[in-house]
Structures are given as C-alpha cells and as structure tokens.
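First up is the structure itself, then whatever we jot down about it.
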Amino acid sequence: MATQNKMRLLPVMLCFFAMGFVDLVGIAANYVQRDLSLSDAQANLFPSLVFFWFLLFSVPTGILMSRIGRKRTVLLSLVVTLAALVLPLTGSSYALMLVAFSLLGIGNTLMQTSLNPLVSDIVTGRQLTPTLTFGQFVKAIASFVAPLLAAWGATGGLPMLGLDWRILFLVYGFVAVLAVLVLSATPIDERPSATSVGVGSTLALLRNPFILLAFCGIMCHVGIDVGTNTTAPRLLMHYAGLSLAAASFATSVYFVCRTAGCLLGSVVMQRFAPRRVLVVSSVLMLAALGCMMVVRNEMALYVCIGLIGLGNSNVFPIIFAAALQHEERQANAVSALMIMGLFGGTVFPLIMGLASDAIGQQGAVIVMAVAACYLVLLAVKLKSNR
C-alpha cells in the first residue's frame with residue numbers, strides 16, 4: 001500500500017509543478033511593464049488580477065469539487081491553465097495579457113483548491129504536512145525556473161521562434177499537457193467530504209477564531225510571495241543599476257531559497273512540530289525585510305531576498321494543514337476558504353504599487369514587513385494553542 005501511494009503521488013507532484021506556473025506572473029509583469037511602458041501601479045495590476053480570481057472562484061470550486069470529485073477538478077484546472085499559457089504565444093497586447101493572466105488565476109484557483117485535499121486522499125495523519133511541504137518544494141522548482149527561462153529567451157533563446165521572454169509559456173504549456181495525461185491515467189480513491197459545501201457554510205467557518213487567523217495568515221504569506229517577485233528586481237535595478245534581464249535573477253534567488261526551504265522543511269517537520277518551524281520562518285522573514293529597508297549593496301540585497309524565500313517556504317503548507325486538520329469533517333470547505341486567502345496576492349501588490357509610486361520602492365518593502373509582523377504574531381499564537 002505504501003508503494004502504491006508513492007506511485008500515486010508522482011502525478012500529483014507533477015501537478016504541483018504545474019501549480020507553480022502562477023508564480024511566473026511576477027517576472028512576466030516586469031517584462032510586460034518594460035514592453036508596454038507601464039507604471040508600477042499599472043504593472044502590479046497583473047499579479048493582482050491573477051489572484052483576484054481566488055476571491056471569486058475558491059468557494060464555487062469547493063462546491064464543484066464536492067460534485068465531480070477532486071481529481072476531475074484538478075484535471076479541469078490544468079486545461080484552463082493550458083489555455084492561459086497558449087494565449088501569450090499569439091500576441092503581447094495589454095488586453096490579451098490581461099485575459100491570459102485572468103485564466104492563469106482561474107486555473108490556479110481550481111488547482112490549489114482541489115489538489116491539496118487530493119493529497120489527503122493518498123496520505124493522512126502526521127505525513128500530511130511534510131507531503132504538502134514537499135509539494136511546495138516541487139511547485140517552487142517551476143517558480144524559480146520561470147525567470148531563468150524568461151531571461152534566456154530575452155537574451156537570445158531560440159530566435160527562430162520569435163517568442164523572446166515568452167518562451168517560458170511554450171515550455172510550461174508542454175508540461176501542462178503532460179500533467180493532464182499522467183493524472184488522467186492514475187487511479188485515486190477519493191474519500192467523500194462528511195458535509196456538503198455551500199457558500200454560506202464555507203464563509204461561516206470564518207467565525208471560528210482558528211480558521212480566521214489561518215485565513216489572514218494565508219493572505220499575508222502570498223502577499224509577501226508575490227510582492228517579493230515584483231519588488232526584488234526593481235530594487236536591484238534602482239539601487240544597483242542592473243538591467244531587467246540581470247535583475248530578474250533576484251526572482252530566481254528567491255525561489256531557489258524557497259525551494260531549498262521546502263525540501264528542508266519536509267525533513268525537519270518529521271522531527272519538529274510544524275508550528276515551531278513557523279515561528280522561526282516568520283522571524284527570519286521579518287529580519288530580512290527589516291534589513292532590506294536599509295541596505296543598498298547588490299550582494300546584501302540578494303542575501304535578504306534569499307532569506308525571505310527561505311522563511312516563506314513553509315508558511316503555506318503549515319497553515320493549510322493546520323486548518324485542514326482542525327476541521328477534518330469539512331475538508332473541502334476549509335480548502336476553498338484557505339485558497340480564497342490567496343486573494344492577498346491581489347490586495348498586497350495594489351497597496352505596494354501605490355506605496356512605491358508615493359515614496360519609492362521602500363514603500364513596498366514596508367507593506368511586506370507589516371505582513372511579516374502578522375505572521376510572527378500568528379506563529380506565536382498557534383504555538384501557544386498547541
């Protein structure tokens with residue numbers, strides 16, 4: 001049975017890789033900003049638009065998942081994601097990119113809401129959090145490869161295709177097709193949810209103080225995640241005078257460290273309580289953001305960016321698993337609500353864009369620092385409730 005479960009996890013992990021496609025929005029927004037001469041606030045509309053759909057579609061996805069099953073919902077999400085990846089290959093207008101990023105957000109909402117509970121159909125108990133963390137490790141691989149692919153395409157790549165930085169959409173499109181084929185061929189026994197999912201019953205979970213804290217924590221986590229993707233390259237361009245292609249490496253540094261953190265977390269949490277890891281991770285992020293407000297040296301900025309990635313690597317799976325285990329009988333509804341918290345990826349970039357337009361890039365860093373402060377308080381609170 002253990003061997004069968006491991007085999008079933010392989011296609012699921014490929015889907016986690018596809019889940020990471022959403023993080024290309026950070027570096028893509030910077031390239032679109034350059035190509036179309038947009039302001040910071042206008043460029044930040046792209047990541048905000050992607051994560052806006054988490055607000056609208058998370059609960060409906062939970063309802064859909066209860067009706068057609070988790071696996072079929074994941075397959076649907078992959079098809080929508082594939083459509084989002086194909087559109088930028090046909091043009092690069094502002095309107096077309098808005099539609100593409102919208103579809104990317106919708107597809108990722110479907111995927112994140114259904115894929116995490118699908119994992120709980122394969123592994124249970126103490127293995128759930130480390131497995132979800134390993135899934136985030138796989139997701140992070142796609143995240144840090146995206147800016148490398150974009151930079152490769154922007155600096156030469158395959159000129160015969162005429163795709164420049166958009167080559168990453170072609171590569172990830174092929175992976176999405178592979179994920180559909182592999183998951184379709186994999187049998188997974190799904191456990192039905194003990195309760196039906198509805199809009200009212202899902203939102204009513206916010207009356208639970210634990211669930212409300214977790215929901216806000218997810219918002220802060222993704223706010224820091226998306227915020228770092230968009231702000232880090234700008235800081236390096238502003239303070240170190242780097243070109244966009246060179247500064248894009250900052251996003252890869254973030255995701256390399258986040259990837260390493262996920263892998264480390266999946267091992268560490270076999271021995272230590274996840275909430276203890278959350279305390280250390282949150283303090284690390286806050287310290288790195290504090291340093292980022294004052295340092296101007298290129299290498300020092302890279303170190304800060306890497307530490308933020310390391311600190312933010314395990315926040316989502318820890319909070320998500322804690323919420324899922326807190327209300328096991330309403331797993332689909334809890335999943336929908338936690339994924340709705342990814343709407344923070346809309347709220348934070350908008351605030352950060354306005355703050356950076358008003359007082360410079362440090363304004364965006366301050367907004368992320370506020371989110372990190374909340375995560376520190378949340379980590380301490382969750383630890384005290386053990």
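5 is the number that the working numbering gives to position 5 of the sequence shown; each next residue is one higher, with no gaps. Beta carbons: idealized from backbone N, C-alpha and C, even for Gly.
- Taking the Cα of ALA245 as reference, the smallest distance to any Cα among GLY20, PHE17, MET7 and ALA29 is reached at ALA29.
- Of the candidates LEU103, LEU10 and GLY26, the residue whose Cα lies closest to the Cα of ASP225 is GLY26.
- The shortest C-alpha to C-alpha distance from ALA151 to any of ASP164, ARG258 and SER143 is the one to ASP164.
- ASN116: member of the alpha helix (DSSP H) spanning 94-120, first to last residue.
- For GLN33, the enclosing alpha helix (DSSP H) starts and ends at 24-36.
- Exclusion of the five residues before and after LEU354 leaves ALA41 as the residues of its chain whose Cβ lies within less than 7 Å of its Cβ.
- Between GLY227 and MET352, the gap from beta carbon to beta carbon is short of 8 Å.
- The beta carbons of SER58 and LEU324 sit no closer together than 8 Å.
- For MET292, the enclosing alpha helix (DSSP H) stretches over residues 274-292.
- Around the beta carbon of TYR254, 16 or more other beta carbons sit within 10 angstroms, so the residue counts as buried.
- For the segment 196-270, there is no continuous beta strand (DSSP E) assignment of 3+ residues that stays within its boundaries.
- Here VAL294 is exposed. Its C-beta has fewer than 16 other C-beta atoms within 10 Å.
- The beta carbons of THR131 and ILE318 sit about 13 Å from each other, so the pair does not count as a contact at 8 Å.
- Secondary structure of ASP40 (DSSP, three-state): helix.
- The beta carbon of SER356 is closer than 7 Å to those of ASP40, GLY363 and ALA364 in its chain, skipping five residues each way along the sequence.
- SER281 sits close to ASN314, with the two beta carbons spaced by under 8 Å.
- Within the same chain, and ignoring the five residues on either side of ALA358 in sequence, no residue has its Cβ closer than 6 Å to its Cβ.
- Straight-line spacing of the CA atoms in TYR302 and LEU286 works out to 15 Å.
- Taking the Cα positions, ARG207 is about 20 Å away from ILE63.
- Taking one beta carbon from each stretch, the segment 30-39 and the segment 232-249 have 3 or more pairs nearer than 8 Å; the two touch.
- When the five nearest sequence neighbours on each side are left out, the beta carbons in the same chain lying within less than 6 Å of the beta carbon of SER77 are those of GLY107, LEU110 and MET111, in order along the chain.
- LEU115 and ARG276 have their C-alpha atoms spaced approximately 26 Å apart.
- Across the structure, GLY223 and ILE68 are spaced so that their CA atoms are roughly 31 Å apart.
- Rounded to whole angstroms, the gap between the alpha carbons of ALA43 and THR231 is 11 Å.
- When DSSP states are grouped into helix, strand and coil, SER143 belongs to the helix group.
- DSSP places ILE351 within a helical segment (H, G or I) once states are collapsed to three.
- Per DSSP, the continuous alpha helix (DSSP H) segment holding THR61 begins and ends at 45-68.
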